[in-house]
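**Q** Line order of the protein sequences matches chains W and V. Numbering follows this note's numbering, with no gaps: position 24 of the first sequence is 24. Position in the second sequence counted from 1, then plus 1000, gives you this note's numbering. First the structure, then my questions, so here it is.
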Amino acid sequence: MRDVAVLGVGQTKFGELWDRSFREIGIEAGLQALVDAKLSSHDLDGLFLGNMASGALIDQEQIAPLILDVAGLARSHLPAVRVEGGGASGALALHQGYLAVASGLYDFVVVGGAEKLTDVPDATAAEITSSAADTEWEVVFGATLPALWALVARRHMHDYGTTREDLARVAVHAHEMGSKNPLAHYRNKLSLAQVVGAGPVAEPLGVLDCAPLSDGAAAVVLGPMELARQHTDTPIRIAASQVACDTMAVQHRQEITRLDSTVVAAHRAFEQARRAPADVQVAEIHDAYTISALVSLEDLGFVEKGRAGPEFASGRFGPGGKTVVNTSGGLKAQGRPFGAVGVAQVVELVRQLRGEAKDRQVSGATLGLAQDVGGTGATTVVHLLERAN
Amino acid sequence: MEAGIVSYGAYVPRHRITPTEIGRVWGVDGEAMGQGLGVRRKSVPDPDEDTITISTEALRTALVRGAIDPQQIGALYVGSESHPYAVKPTATVVAQAVGATPNLTAADFEFACKAGTAAIQTCLGLVGAGMIKYGVAIGTDTSQGAPGDALEYSASAGGAAFVIGRDRVICRVNRTVSYTTDTPDFWRREGQKYPSHGGRFTGEPAYFRHVTECAHRMMEAVGTTPKDYGHVVFHQPNGKFPQRVGKQLGFTEPQMRYGLVTPAIGNTYSAAALIGLANVLDHAGPGEKILVVGYGSGAGSDAFDLETTEEIATYEKVYGRSVESFLERGVEISYAQYAKVRGKINMGGS
């Protein structure tokens, strides 16, 4: 197995991109990444595209060859593969791209993630995205993703004394960081009172505890570490790429307040990289719901089980903290175009590790972690990225 | 442009229902819904009221106030998205009812909520060209939102009629400008009972873009700024949109005061901006400048730069009801009565 590096990154603005099509944003992100990697399309060996629900959302399947085609690359006959894993589709595509390059079969690949969620009515989008939960065991009884995460939140509050304000702080932090990210869906700051006082979605989660429905695309170019210096002065090495899965339905978990897929994927990733959570300075984690961020911080190993709320309140994960989370604004503020999320997380880490994150730069960051979660945790993908000097 | 408004009249059905009452039935915080929309009450037509009867009421008021001989009307257009018949015009029934037939041209207009302003533009053209003496433009609707849909909290009924002519003009039309694009924000297909809408898409790319662009083009065309106007009237699908767009354009609360009627009667669709204009004219003296910017989904905006004349000082406003009386009065009904009069109860049969 070869070492794999990220050579280039690209990302569109996230938000309600009503005047832009799926194919348009897909190409924009991919092209940006290629230009950033100083590669031409002739150098490519393949495309991996993370996407959750193009068929239901935009009536289009076979989107991987579609993006190749509209990019003018149909005649190159490159292999193009769509990867689906609910909200973790993007990071899962990255894992596939990583395997392809690490194996030595491919040298240079583009990994993209794209989703267009706002071309259908909000209620339809909510129905489609809820299919990332177990349709027969959960959704058919009326459960939506926020409803299931609300169950987790209630139990976490009961077991560990987590408060409503502990949850709300996650959203306040996300918008604080999002305000510094020009590509973020939301750039407005929020107060604790605003988050706590917002109307309910599924109590205790309110409107401002939940990430929005967004459109957007992100892409990275991967290549073998041995060739990386020809393309960039600051190659970012993928120190670990790990996937773990779990039961689809929340009720089948051993503990509903624990994401076993995250526990296992993180454990495997730190083993692979021979590093520990304490070594991570910057992390992009799953804050689709404020509770999912707190649970993730615990299950990734950053804090003890049940302690995420108070630790978050202490500033442990904010600017100047030991590990700064979601400098991009996270899913909450940067936005949540399902299939693009996992790739965008890595785009942000690469910018941080290269020292190109401007206002939101975490100084001296050398190791970053990205955690992408599908549904309520049936899939978790964890990547560790490291600046290779 | 010599043609202008010679007379006008408005009509709003008597019944009202509150967002709180609607929310009570659907398990929604109706009061918060009403506050969010900026709607306190909405009007509800009786079973024997439709856009024909509403148009007739409004036009009769206009004809008496202006002492206009109906036989002098050369064109009559009714703009609405709730014409009682899919085929067979509303305009002919209204024309016959007021005694304007048979020597006139008549037609129904449809352009979502701006069919009434489009009818005014057509009348201005015919009168300005000297083809007719008086043209009548009516904007009216009895639209419905699907039960439980957000639209149900605002969709109401009403109408306003404007007589366009060249003699004894009470309000001059200095200029009219339109801004039109293909923007699918709100629609109802043939045979569908209730409309569909694009949720948040109806905001920025639809209402706000068209109203703002059209207002800018209007002011640029006549060389005015917001402070030149005594009054401004926007299309008002709810109470919030017109206030927000007014503020964005640089208008103040006092300028919007009379033109904003939706909070008290709901969204009367094709009549909304026109009832707002009627209310402004009810209160205006000579020499007051008014900017009107309508909006219709699909989508387009019509803007008018208006100015009241000396004639308005002696214009007979006493006949018929003032818009203010429609805003203040009304009889509140329950959702059960509302469901009955709006035909939402399944009576069996086909």
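Cβ atoms here follow ideal geometry from the backbone N, Cα and C, with glycine treated the same way. Quick caveat, the model's predicted, so the values are computed rather than measured.
Compute the distance between the beta-carbons of residue 290 of chain W and residue 153 of chain W, then report whether it is under 9 Å.
**A** Cβ atoms of residue 290 of chain W and residue 153 of chain W: closer than 9 Å.
**Q** I believe residue 213 of chain W touches residue 57 of chain W by the beta-carbon criterion, under 8 Å. Please report the beta-carbon distance rounded to the nearest angstrom.
**A** Not really, about 10 Å apart at Cβ, beyond 8 Å.
**Q** Hey, does residue 19 of chain W have any beta-carbon neighbour from chain V nearer than 9 Å?
**A** It does: the Cβ of residue 19 of chain W has a partner Cβ on chain V nearer than 9 Å.
**Q** For residue 165 of chain W and residue 331 of chain W, I'd like the C-alpha separation in whole angstroms.
**A** One C-alpha to the other measures close to 19 Å.
**Q** Thinking C-alpha only, which one of V:1345, V:1161 and V:1229 is nearest residue 1080 of chain V?
**A** Among V:1345, V:1161 and V:1229, the Cα nearest to that of residue 1080 of chain V belongs to V:1161.
**Q** Could you please give the first and the last residue of the uninterrupted alpha helix (DSSP H) stretch that includes residue 127 of chain W?
**A** Residues 122–130.
**Q** Hey, is residue 142 of chain W's beta-carbon within less than 9 Å of any beta-carbon in chain V?
**A** It does not: the Cβ of residue 142 of chain W has no partner Cβ on chain V nearer than 9 Å.
**Q** In chain order, which continuous runs of the alpha helix (DSSP H) of length 4 or greater are located wholly inside the region 36–77 of chain W?
**A** DSSP runs (the alpha helix (DSSP H)) wholly in the region 36–77 of chain W: 54–58 and 63–70.
**Q** In angstroms, rounded to a whole number, what distance separates the CA positions of residue 30 of chain W and residue 112 of chain W?
**A** C-alpha separation (whole angstroms): 7 Å.
**Q** What residues from chain W crowd round residue 1111 of chain V, counting only those whose CB sits closer than 8 Å?
**A** Those within 8 Å of residue 1111 of chain V in chain W number zero; the least Cβ separation is about 22 Å.
**Q** For residue 237 of chain W, which option in W:388, W:45, W:324 and W:77 has the closest C-alpha, if you only look at C-alpha atoms?
**A** Minimum Cα distance to residue 237 of chain W is reached at W:388.
**Q** Using DSSP with H/G/I as helix, E/B as strand and the rest coil, what is residue 1109 of chain V?
**A** If DSSP states are grouped into helix, strand and coil, residue 1109 of chain V belongs with the strands.
**Q** To the nearest angstrom, report how far apart residue 309 of chain W and residue 258 of chain W are at their CA atoms.
**A** Between residue 309 of chain W and residue 258 of chain W, the C-alpha separation is close to 15 Å.
**Q** Closer than 6 Å by C-beta to residue 298 of chain W: which residues in its own chain qualify, once you throw out the five before and the five after it? Chain order, please.
**A** The residues are 305 and 308.
**Q** At what residues does the beta strand (DSSP E) containing residue 1234 of chain V begin and finish?
**A** Where residue 1234 of chain V is concerned, the enclosing beta strand (DSSP E) stretches over 1231–1234.
**Q** Would you call the region 145–152 of chain W in contact with the region 70–81 of chain W, where contact means no fewer than 3 C-beta pairs closer than 8 Å?
**A** In short, these stretches do not touch, since the Cβ pair count stays below three.
**Q** From residue 1346 of chain V to residue 1147 of chain V, what does the alpha carbon distance come to, in whole angstroms?
**A** Roughly 13 Å between the two C-alpha positions.
**Q** Report the neighbours of residue 1147 of chain V on chain W: residues whose CB is nearer than 9 Å to its CB, in chain order.
**A** Simply none; closest approach about 15 Å.
**Q** Would residue 1065 of chain V pass as a contact of residue 1349 of chain V if the rule is Cβ separation under 9 Å?
**A** Cβ atoms of residue 1065 of chain V and residue 1349 of chain V: not closer than 9 Å.
**Q** Residues bridged to residue 1180 of chain V by DSSP?
**A** Partner(s): V:1300.
**Q** Within 9 Å of any Cβ in chain V, is that where the Cβ of residue 16 of chain W sits?
**A** Judged by the 9 Å Cβ criterion, residue 16 of chain W is in contact with chain V.
**Q** Should residue 187 of chain W be counted as a contact of the ligand GTP given a C-beta to heavy atom distance under 8 Å?
**A** No copy of the ligand GTP occurs in the structure displayed, which carries no ligand at all.
**Q** Can you have a look at residue 77 of chain W and say buried or exposed, based on whether 16 or more other CB atoms are within 10 angstroms of its CB?
**A** Exposed, because fewer than 16 other Cβ atoms sit within 10 Å of the Cβ of residue 77 of chain W.
**Q** Kindly list the residues whose CB is nearer than 6 Å to the CB of residue 286 of chain W, restricted to its own chain and excluding five residues on each side of it in sequence; keep chain order.
**A** Here the set comprises 292, 296, 371 and 373.
**Q** Hey, how far is the Cα of residue 1304 of chain V from the Cα of residue 1167 of chain V?
**A** Straight-line Cα distance between these residues: approximately 19 Å.
**Q** Using a Cβ-Cβ cutoff of less than 6 Å, which residues in the same chain neighbour residue 1313 of chain V once the five nearest sequence positions on both sides are dropped?
**A** Cβ neighbours of residue 1313 of chain V beyond the five flanking positions: 1286.
**Q** To the nearest angstrom, how far is the alpha carbon of residue 1266 of chain V from that of residue 1258 of chain V?
**A** The straight-line gap from Cα to Cα measures roughly 15 Å.
**Q** For residue 1199 of chain V, return the contacting residues in chain W, with the cut-off set at a CB-CB distance below 7 Å.
**A** Result: 121 and 122.
**Q** Since residue 1357 of chain V and residue 1090 of chain V are thought to touch, with beta carbons under 8 Å apart, how far apart are those beta carbons, to the nearest angstrom?
**A** With chain V covering 1001 to 1350 only, the question about residue 1357 of chain V has no answer from this structure.
**Q** By DSSP, does residue 103 of chain W sit in helix, in strand, or in coil?
**A** Coil at residue 103 of chain W, not helix or strand.
**Q** Have a look at residue 1212 of chain V and residue 1198 of chain V and give me their C-alpha separation to the nearest angstrom.
**A** About 20 Å.
**Q** Quick one, are the C-beta atoms of residue 346 of chain W and residue 220 of chain W less than 9 Å apart?
**A** Yes.
**Q** Residues in the same chain with beta-carbon distance under 6 Å from residue 1235 of chain V, minus the five sequence neighbours each way, listed in chain order, please.
**A** Answer for residue 1235 of chain V: 1113, 1272, 1273, 1294 and 1295, listed in chain order.
**Q** If residue 360 of chain W and residue 327 of chain W are in contact, beta carbons under 8 Å, what's the gap, nearest whole angstrom?
**A** About 5 Å separates the two Cβ atoms, so the contact holds.
**Q** Is the shortest distance between the beta-carbon of residue 1205 of chain V and the beta-carbons of chain W less than 9 Å?
**A** Yes, residue 1205 of chain V lies at the interface with chain W (some Cβ there is under 9 Å from its Cβ).
**Q** Apart from the five residues just before and just after residue 200 of chain W, which ones in its own chain have a Cβ nearer than 6 Å to its Cβ?
**A** Excluding residues within five positions, the ones whose Cβ falls inside 6 Å are 206.
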